[in-house]
Amino acid sequence: MVNVFDNVARNLQKAGFKVYRNPLPLTYVDDEEECERKWYFATANNALVEIVSDQEKRVWLPSYGCGAWENLKKTDEANQRLWESLGFEVQLLPDFHTFAEHSGAVHCITKYLKRG
Numbered sequence: 032m033v034n035v036f037d038n039v040a041r042n043l044q045k046a047g048f049k050v051y052r053n054p055l056p057l058t059y060v061d062d063e064e065e066c067e068r069k070w071y072f073a074t075a076n077n078a079l080v081e082i083v084s085d086q087e088k089r090v091w092l093p094s095y096g097c098g099a100w101e102n103l104k105k106t107d108e109a110n111q112r113l114w115e116s117l118g119f120e121v122q123l124l125p126d127f128h129t130f131a132e133h134s135g136a137v138h139c140i141t142k143y144l145k146r147g
């Protein structure tokens, strides 16, 4: 997958976009009933971003470094640092494995948010 993501980044840069690379670990959950291992990306890229002004920017990031996946805490911290370096206030959304293992993400739950 590294070559695929590198290619996507190069194409975006050629199109004039600035690309920020961040950790994207591949992890899994075991379905004991089905005797099956399901792989998924523990992605913080699918986040909820709010930009009110240059001074008021927030992001809600999925996080994965808890329980059996404590090793992913470093990934969560790296993603948080990246967004903070871009001037965002970061709110980590805890234990997003349940969503990710079912192909869900933050955008899947945003239709339930009311503004105003």
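Heads up: the sequence shown runs through residues 32 to 147, numbered per this note's numbering.
Just so you know, even glycine gets a beta-carbon here, dropped at the ideal spot from N, CA and C.
Note that the structure is a prediction, hence the values are computed from the model and not measured.
With contacts defined as CB atoms closer than 7 Å, residue 104 and residue 98 fail to qualify as a contacting pair. Membership of residue 61 in the beta strand (DSSP E) is indicated by the continuous run 57 to 62. Between residue 137 and residue 79 a beta carbon distance of about 5 Å is seen, short of the 8 Å cut, so the two are scored as contacting. Every alpha helix (DSSP H) of 4 residues or more that sits fully in the segment 67 to 118 is shown, in chain order, as 104 to 116. About 5 Å separates the CB atoms of residue 43 and residue 50; that is less than 8 Å, so the two are in contact. The Cβ atoms of residue 110 and residue 75 lie closer than 7 Å to each other.
Rounded to the nearest angstrom, the Cβ distance from residue 100 to residue 133 is 16 Å, too far for a contact under 8 Å. Secondary-structure assignment with DSSP links residue 121 through a beta bridge to 90. For residue 40, the uninterrupted alpha helix (DSSP H) segment begins and ends at 33 to 45. Residue 87 and residue 46 have their C-alpha atoms spaced approximately 28 Å apart.
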